[in-house]
Amino acid sequence: VTIHDPAATESGFPAYENLEDGAAAADLVMVAVPMSVCAGVLEKLAALGTRAVVAEMCSLKGHLQPLTEQLREGGLRLVSFHPLFGPDVRMLSERTIVFCNDAKPDDLDVVRALFADTSAQLVTMSTIEHDRRMGLVLGLTHLSNLVFARALSHSNVTAVDLAEVAGVTFNKQLRTTREVTAENPDLYYEIQTLNDLTPATGDWLREALEEWLGVVGMGDPTAFAALMTTCNGYLDDAPKAGTPPR
8 VTIHDPAATE SGFPAYENLE DGAAAADLVM VAVPMSVCAG VLEKLAALGT
58 RAVVAEMCSL KGHLQPLTEQ LREGGLRLVS FHPLFGPDVR MLSERTIVFC
108 NDAKPDDLDV VRALFADTSA QLVTMSTIEH DRRMGLVLGL THLSNLVFAR
158 ALSHSNVTAV DLAEVAGVTF NKQLRTTREV TAENPDLYYE IQTLNDLTPA
208 TGDWLREALE EWLGVVGMGD PTAFAALMTT CNGYLDDAPK AGTPPR
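Numbering of the sequence shown is given in our numbering, commencing with residue 8 and proceeding in unit increments.
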């Protein structure tokens, strides 16, 4: 394993000072860069004529799709995949990696084989389907937690005061929300702005809030219970933590 990093820090791996030398020597190039600059890196690798398999791991794929199709037609052995976990993860149990099936099968097999003997769940789907699901799994989830944090801050009740009386549900939600708000703002901004589904997820969030506030405002416990039952029925199809998907 060798690396090329324009903002190099001590990694323990040998490093190439320029991309040209690294690409020429590699059998497999893993591209781990911000989504907004990934296109430029892929174009440079194609221009260098690398014969290596090139694997990009952006959290979204749609913004790259016209380019990736063009580069593959030009001979770049490009694979798109998405590990749904961050760099601090050491064990892959209960972790998911998505592979987009628009690459050539032999090139896709090279990247999948890296994880074949791990406990990670390997899922394959189209680029369009990947971004559709990520609009909910990432985009809506992040947005919901950011809205929750912002709503708390509008309350004028301090986080210290809330923690003093926090129950189980609040503490669970707070842990997740704190993780979200502590993440990289540039990445989370790109996850919202680079997915065409974001306007729809925002509409669904507003619609859901209006539904809940509507039944509360009407003082209608039956309608409130019906909404809870509907939500529970929808979520009941999802596997519980620690069990494989159906």
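All C-beta atoms, glycine included, are put in the ideal place defined by N, C-alpha and C. Source: prediction; values computed, not measured.
Apart from the five residues on each side of it in sequence, which residues of its chain come closer than 7 Å, Cβ to Cβ, to Phe92?
Taken in chain order, the residues that qualify are Arg102.
DSSP state of Leu129, grouped into three classes?
Here Leu129 sits in strand by DSSP.
From Leu49 to Asp168, what distance separates their C-alpha atoms?
If you take the alpha carbons of Leu49 and Asp168, they lie about 49 Å apart.
Is it buried or exposed, Thr229, if we count other Cβ atoms within 10 angstroms and call 16 or more buried?
Looking at its Cβ environment, which holds fewer than 16 other Cβ atoms inside 10 Å, Thr229 is exposed.
Look at the alpha carbon of Trp219 and the alpha carbon of Tyr241, and state the distance between them as a whole number of angstroms.
Approximately 16 Å between the Cα atoms of the pair.
Where do the N-terminal and C-terminal ends of the beta strand (DSSP E) with Val44 fall, by residue?
Counting along the chain, Val44 falls outside any beta strand (DSSP E), though it belongs to the alpha helix (DSSP H) covering Met42 to Leu55.
Quick check on this structure: which residue in Pro94, Asn25, Glu24 and Val8 has the alpha carbon closest to the alpha carbon of Asn191?
Comparing Cα-Cα distances from Asn191 to each of Pro94, Asn25, Glu24 and Val8, the minimum goes to Pro94.
Beta-carbon within less than 8 Å of Ser133's beta-carbon, same chain only, minus the 5 sequence neighbours each way: which residues are those?
Same-chain partners within the cutoff: Cys107, Asn108 and Asp109.
Taking the alpha-carbon of Gly142 as reference, which of Val61, Asp227, Thr208 and Tyr23 has the nearest alpha-carbon?
Of the candidates Val61, Asp227, Thr208 and Tyr23, the one whose C-alpha sits nearest the C-alpha of Gly142 is Thr208.
Ordered along the chain, which non-local residues of its own chain (more than five positions away) have a Cβ less than 7 Å from that of Leu35?
The residues are Ala59, Val60, Ala62 and Val117.
Looking at the structure shown, is Met37 part of a helix, part of a strand, or coil, going by DSSP?
In the structure shown, Met37 sits in a strand (DSSP, three-state: E or B).
On the criterion of 16 or more Cβ atoms from any shown chain inside 10 Å, does Phe20 qualify as buried, or is it exposed?
So Phe20 counts as exposed.
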